[in-house]
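Take the sequence shown: its letter number 143 is residue 178 in the numbering used here, and every next letter is one higher.
Don't be surprised by glycine CBs; every beta carbon is placed ideally from N, CA and C.
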Amino acid sequence: MKISPFKIEEWMNRYEAGALYDLTTTCIKPLSLNELLKLAPSADLNEIFNRPLGYGDITGSERLKTAIQSLYTNQEQKNITITHGAIGANQLVFYSLLEKGDEVVCIVPTYQQHYSIPESIGADVKLYFLKEENNWLPDMEELEQIVTSKTKLLCLNNPNNPTGAVIPNWLLEEIVEFAKRKHLWVLSDEVYRGLNMIGNPYSESIADLYERGISVGSMSKTYSLPGLRVGWICAREDLINEINHQRQYNTISVSILDEYFAAVAIENREAIRERNINIMLQGIETFTNWLTAEPLVECVIPNGGTTALVKYKNDMKSRDLCKRLQNRTGVAILPGETLEMEGYVRIGFCAIALKPALDLFSEYLHQ
Ligand SMILES: Cc1ncc(COP(=O)(O)O)c(C=O)c1O
Numbered sequence: 036m037k038i039s040p041f042k043i044e045e046w047m048n049r050y051e052a053g054a055l056y057d058l059t060t061t062c063i064k065p066l067s068l069n070e071l072l073k074l075a076p077s078a079d080l081n082e083i084f085n086r087p088l089g090y091g092d093i094t095g096s097e098r099l100k101t102a103i104q105s106l107y108t109n110q111e112q113k114n115i116t117i118t119h120g121a122i123g124a125n126q127l128v129f130y131s132l133l134e135k136g137d138e139v140v141c142i143v144p145t146y147q148q149h150y151s152i153p154e155s156i157g158a159d160v161k162l163y164f165l166k167e168e169n170n171w172l173p174d175m176e177e178l179e180q181i182v183t184s185k186t187k188l189l190c191l192n193n194p195n196n197p198t199g200a201v202i203p204n205w206l207l208e209e210i211v212e213f214a215k216r217k218h219l220w221v222l223s224d225e226v227y228r229g230l231n232m233i234g235n236p237y238s239e240s241i242a243d244l245y246e247r248g249i250s251v252g253s254m255s256k257t258y259s260l261p262g263l264r265v266g267w268i269c270a271r272e273d274l275i276n277e278i279n280h281q282r283q284y285n286t287i288s289v290s291i292l293d294e295y296f297a298a299v300a301i302e303n304r305e306a307i308r309e310r311n312i313n314i315m316l317q318g319i320e321t322f323t324n325w326l327t328a329e330p331l332v333e334c335v336i337p338n339g340g341t342t343a344l345v346k347y348k349n350d351m352k353s354r355d356l357c358k359r360l361q362n363r364t365g366v367a368i369l370p371g372e373t374l375e376m377e378g379y380v381r382i383g384f385c386a387i388a389l390k391p392a393l394d395l396f397s398e399y400l401h402q
């Protein structure tokens, strides 16, 4: 099977490790196990240290599924399956739902999986580009024009990577009404759910709102544990059964060690959230101050997630800009071209040493 190069992942593999200041990151300072256990004092390590390292429960431990269930209003264990990160979750959804010739509408910019995997399956993929003037939110009239009677699946990412836009609940409800009318499945990649900076940190989840809604979540962003490689899919039971059928061919089960620490983290999510919201709020303040003082960039300020999409006032191609910036200053940022957004760069505002890195970026822009 042929598939397009995964542009972001290729860029990060090449440039992230050599960076002195890594603003390509989408994570909030990943936790060590020691840090996690300090935030989760009730964890009993004997329990996991004495457990035989078998495959465990094939579709995920009851404890982890119970913890995940508590993140939703309307889900039971039979509506959940555990995956190898959100990346594994998204892939399983596409493999389970799509066939050659199916029409898919994907809201971009987003994680490239959402259009490149459907394309590789032979689906007819239409990209709907969010606009800065709409604060990077979908416009229902524009969506109406792109979705046809043949469209099977609508893909979105809420809160959004790279823009940091959060779809308000009233607009999510409009999307659900629209999807009902058009009889669409809706895949919502919700790996940044719980990281809204304004109001309730948790947006509504599509799986709770709509019977053909599929929610994907993971430990990587909201819980600062990307190294656990645990994600999940929440959807109606017949789709989960179909996904589990596909899953037997690429997962068997997810590591019981990873599942154990994932359950501990979700059970103690408030302590992790408090730590993370502090890092986010400091990051967004530094970022906003920089934006205000820097005339050569423009950006809609994120209200969730961990990244911002910044337009720069310069003709240089984004790949050239990012390469030269990193060579001269050691600051790594992500070129917009890797997100189909030429003329922009993505900045992770929860990065360590954000201020000196942004100052170096400014110096570079003014040279
Ligand atoms: C929107 C989105 N979905 C999925 C992933 C993959 O997440 P995971 O580490 O859980 O596989 C990422 C990682 O950056 C992401 O930003």
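Start and end of the beta strand (DSSP E) containing Cys357?
Looking at the DSSP string, Cys357 is not in any beta strand (DSSP E); the run it does join, the alpha helix (DSSP H), is 353 to 364.
With H, G and I counted as helix, E and B as strand and the rest as coil, what does DSSP make of Asp92?
Residue state for Asp92 is assigned as coil, using DSSP reduced to three classes.
On the three-state DSSP scale, how would you describe Phe41?
coil
Output the residue ranges of the alpha helix (DSSP H) runs that lie fully inside the segment 222 to 307 and measure 4 residues or longer, sorted by chain position.
DSSP runs (the alpha helix (DSSP H)) wholly in the segment 222 to 307: 241 to 244, 272 to 282, 291 to 302.
Answer yes or no: do Leu191 and Thr118 have a C-beta to C-beta separation smaller than 9 Å?
No, they are not a contact pair.
Would you identify the three-state DSSP class for Leu127, choosing helix, strand or coil?
helix
Ala75 and Ala300 closer than 9 Å at C-beta
Cβ distance < 9 Å, so Ala75 and Ala300 count as in contact.
Tell me, please, which residues DSSP counts as bridged to Gly383.
As DSSP reads the structure, Gly383 sits in a beta bridge with Thr342.
Consult DSSP for Tyr146 and reduce its assignment to one of helix, strand or coil.
coil
Environment of ligand 1 in chain order, Cβ to heavy atom below 6 Å
Thr61, Gly120, Ala121, Ile122, Tyr146, Asn192, Asn196, Asp224, Val226, Ser253, Ser255, Pro261, Gly266
Spatial neighbours of Glu51 within its chain, please: C-beta separation below 8 Å, excluding the five flanking residues on both sides.
For Glu51, same chain residues with a beta-carbon under 8 Å away, outside a window of 5 residues either side, are Asp57, Thr59, Thr60, Ala367 in chain order.
Local conformation of Pro153 per DSSP, three classes
Pro153: helix per DSSP, three-state reduction.
Ignore the nearest five residues each way along the sequence and tell me which others in Phe164's own chain have a CB closer than 7 Å to its CB.
Closer than 7 Å at the Cβ level, and outside the excluded window around Phe164, lie Val143.
Distance, Cα to Cα, Glu377 vs Asp243?
Rounded to the nearest angstrom, the two C-alpha atoms are 35 Å apart.
What is the DSSP secondary structure of Leu350, reduced to helix, strand or coil?
The amino acid at residue 350 is misidentified as Leu; the sequence shows Asp. Asp350: coil per DSSP, three-state reduction.
Check whether the Cβ atoms of Gly199 and Pro65 lie closer than 9 Å to each other.
No.
Determine contact between the segment 102 to 116 and the segment 254 to 273, defined as no fewer than three beta-carbon pairs at a distance below 8 Å.
yes
Please identify the residue among Glu375, Asn193, Leu395, Ala386 whose C-alpha is closest to the C-alpha of Gln361.
Leu395
Beta-carbon proximity of Pro370 to Leu356, cut-off 9 Å:
Yes.
At a Cβ threshold of 9 Å, is Val335 touching chain D?
Looking at the structure shown, chain D is missing, and only one protein chain is on hand.
Using a threshold of 9 Å, state whether the C-beta atoms of Asn204 and Glu176 are closer than that.
no
So, helix, strand or coil for Asn192, using DSSP?
strand
Note the first and the last residue of the continuous beta strand (DSSP E) segment covering Glu111.
Counting along the chain, Glu111 sits inside no beta strand (DSSP E), nor does DSSP assign it H or E at all.
Going by the beta-carbon positions, is the gap between Met254 and Met315 smaller than 9 Å?
Between Met254 and Met315, the gap from beta carbon to beta carbon reaches 9 Å or more.
Over the uninterrupted beta strand (DSSP E) stretch that includes Glu70, give me the two end residues.
Run containing Glu70: none in the beta strand (DSSP E); it sits in the alpha helix (DSSP H), 68 to 74.
Does the beta-carbon distance from Leu219 to Leu172 come in below 9 Å?
no
In whole angstroms, give me the CA-to-CA distance for Cys385 and Cys334.
16 Å
Excluding the 5 residues preceding and the 5 following Lys166 in the sequence, name in chain order all residues of the same chain whose CB lies nearer than 6 Å to its CB.
none
Given that a residue counts as buried once 16 or more other Cβ atoms are within 10 Å of its Cβ, and exposed if not, what is Ala328?
exposed
Paired residues, beta bridge with Ala328 - DSSP
Ala328 pairs with nothing; no bridge assigned.
Have a look at Pro87, Cys62, Ile152 and flag the residue whose alpha-carbon is nearest the alpha-carbon of Ile38.
Ile152
Spell out a yes or no on whether the segment 81 to 101 and the segment 287 to 298 are touching, meaning 3 or more CB-CB pairs, one atom from each, closer than 8 Å.
yes
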